[in-house]
Amino acid sequence: MKHLFFLLTFFSAQLSAQNLVTNGAFDQDISGWDTTYSDAVWVADDGHAADGAFEIKTDFNNGGVSTASYTPIEVNSSRMYRLSVSMKVMSNTQATGAAAIITWLNEDQMSVGYTEFLYSDDTVNDGIWHRVSIEVMPPEGMKYAQIALGVDTENSGSNELSVARLDDVRFEIASPNEFAILPSHSGSWYNLEQSGHGLNVEILPAGRAQVYWYTYDHLGNTMWLVAVGTHDGVKFEGEAAVTDGALFPPLFNSSDVMVSSWGFFELHFTSCNQGVFKWKPNNINLYPAGEMVVSRLTKLAGMVCDESTE
145 MKHLFFLLTF
155 FSAQLSAQNL
165 VTNGAFDQDI
175 SGWDTTYSDA
185 VWVADDGHAA
195 DGAFEIKTDF
205 NNGGVSTASY
215 TPIEVNSSRM
225 YRLSVSMKVM
235 SNTQATGAAA
245 IITWLNEDQM
255 SVGYTEFLYS
265 DDTVNDGIWH
275 RVSIEVMPPE
285 GMKYAQIALG
295 VDTENSGSNE
305 LSVARLDDVR
315 FEIASPNEFA
325 ILPSHSGSWY
335 NLEQSGHGLN
345 VEILPAGRAQ
355 VYWYTYDHLG
365 NTMWLVAVGT
375 HDGVKFEGEA
385 AVTDGALFPP
395 LFNSSDVMVS
405 SWGFFELHFT
415 SCNQGVFKWK
425 PNNINLYPAG
435 EMVVSRLTKL
445 AGMVCDESTE
């Protein structure tokens, strides 16, 4: 049984890290890449991990990038993706770098202006392979990613060749066990085994969020904790505060409100309807640190969360 579990785990990990570019190793050719508007060829006797590489060249040195594109790949805007490419800028050429470009496309496979760039490192024209990568999230509403490989040129006006080689192109889900934080995660959440306390989550613009925890203090009194913080697209972190001192209206006076730091919250989601909530109190003698799995209780009208295209 242990061996079966290991095999299942192993193959699950392999599938979750599947390369969405079917010909990124260039072992035999550069099929799948559109070279209509570029001078790109397959090189048999060079490569990063093994022989076989993609070479692109141009004598139009205008400061731009000459590229060849791959077939559009269907993506899920709820996922973070990683693009990794091996790049070699050929020495004794006019090239100033190599590049990989992601153009995000809508459901009609049309570009609406969203683009990500991945360039070779600062060492150029050294004729050495360099491995570079970037993690990106599709903009909301984008359904496809189109990857292009290119050579970066200097605005010299020279008609000498600029040449770059690229290899081992991988485009994959970056964090298979994590889920992007989306506006649709706004709503109420709770632990299925602990009904009676829970969270309210508000996903705000500009990478910000608020998390309210409706719970109880060490004496059994109701306690509301509020954390305002930021997220990096997959994980929220914020300092939590608790208020005290004021009375119920009409006796309420805002000057009576005392705000105290309580600790820190962390929240990430594993799907549209489940996440993991962690807390770290300042006073660990009264409140032990911990974590719990939370499930969706409510959602906002009109909000859609997409778990397709795993």
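The opening residue of the sequence shown carries number 145 in the working numbering; numbering runs sequentially from there.
Glycine included, every Cβ here is placed at the ideal spot set by N, Cα and C.
Computed from a prediction, not measured in an experiment: that's the story for all the values here.
Residue range of the beta strand (DSSP E) that includes tyrosine 288: Here residue 288 corresponds to residue number 144 of the sequence shown, with the count starting at 1. Note, tyrosine 288: beta strand (DSSP E), 288-297.
What residue range is occupied by the uninterrupted beta strand (DSSP E) comprising histidine 375? On the sequence shown, position 231 is the one that residue 375 refers to. 366-375 is the extent of the beta strand (DSSP E) around histidine 375.
Going straight from the alpha carbon of cysteine 449 to that of threonine 237, what length do you get? Within the sequence shown, residue 449 is the residue found at index 305, counting from 1. Within the sequence shown, residue 237 is the residue found at index 93, counting from 1. When only Cα atoms are considered, cysteine 449 and threonine 237 end up about 48 angstroms apart.
How would you call histidine 362, buried or exposed, if buried means at least 16 neighbouring beta carbons within 10 angstroms? Your numbering for residue 362 matches position 218 in the sequence shown. Around the C-beta of histidine 362, fewer than 16 other C-beta atoms lie within 10 Å, and the residue is accordingly described as exposed.
Closest Cα partner of methionine 402 within the set Asp388, Pro393, Phe408: Position 258 of the sequence shown, counted from the start, is the residue given in the question as residue 402. Among Asp388, Pro393, Phe408, the Cα nearest to that of methionine 402 belongs to Asp388.
Phenylalanine 380 to valine 386 span [Cα, whole Å]: Residue 380 sits at position 236 when you count from the first residue of the sequence shown. Residue 386 sits at position 242 when you count from the first residue of the sequence shown. Counting only the Cα atoms, valine 386 lies some 19 angstroms from phenylalanine 380.
Cβ-based neighbour list, glycine 271, same chain, cut-off 7 angstroms, excluding 5 preceding and 5 following: As a first step, residue 271 must be located in the sequence shown, where it is residue number 127. Within the same chain, Lys232, Met234, Ser235 come within 7 angstroms of glycine 271 by CB-CB distance, once the 5 residues on both sides are set aside.
Please report the distance separating the alpha-carbon of phenylalanine 155 from that of asparagine 163. Translated into the one-based positions of the sequence shown, residue 155 becomes position 11. Translated into the one-based positions of the sequence shown, residue 163 becomes position 19. At phenylalanine 155 the pLDDT is 36, less than 50, meaning the model places this residue with poor confidence; the figure from the coordinates comes in the next sentence. Their Cα atoms are separated by approximately 14 angstroms.
Report all residues from its chain with a CB closer than 7 angstroms to the CB of threonine 166; omit the five preceding and five following residues, and keep chain order. For the purposes of this step, residue 166 is taken as residue 22 along the sequence shown, with counting starting at 1. So the list reads Gly176, once near-sequence residues are dropped.
Would you identify the three-state DSSP class for threonine 453, choosing helix, strand or coil? By one-based count along the sequence shown, residue 453 stands at place 309. Only weak support is given to the placement of threonine 453: the predicted model assigns it a pLDDT of 41, under 50, and the value that follows is read from those uncertain coordinates. The DSSP-derived three-state label of threonine 453 is coil.
Tell me, which residues are paired with glutamate 435 by DSSP? Position 291 of the sequence shown, counting from 1, holds the residue named residue 435. Within the DSSP bridge table, the entry for glutamate 435 names Lys422 as partners.
Within the continuous beta strand (DSSP E) that includes asparagine 344, where are the two ends? Your numbering for residue 344 matches position 200 in the sequence shown. Element bounds for asparagine 344: 342-348.
Report the option in Ala433, Val372, His329 whose CA atom is closest to the CA atom of glycine 446. For the purposes of this step, residue 446 is taken as residue 302 along the sequence shown, with counting starting at 1. The candidate whose alpha carbon is nearest that of glycine 446 is His329.
Arginine 223 - containing beta strand (DSSP E), residue span: Residue mapping note: residue 223 aligns to position 79 of the sequence shown, counting from 1. Neither: arginine 223 is in no beta strand (DSSP E) and is coded neither H nor E.
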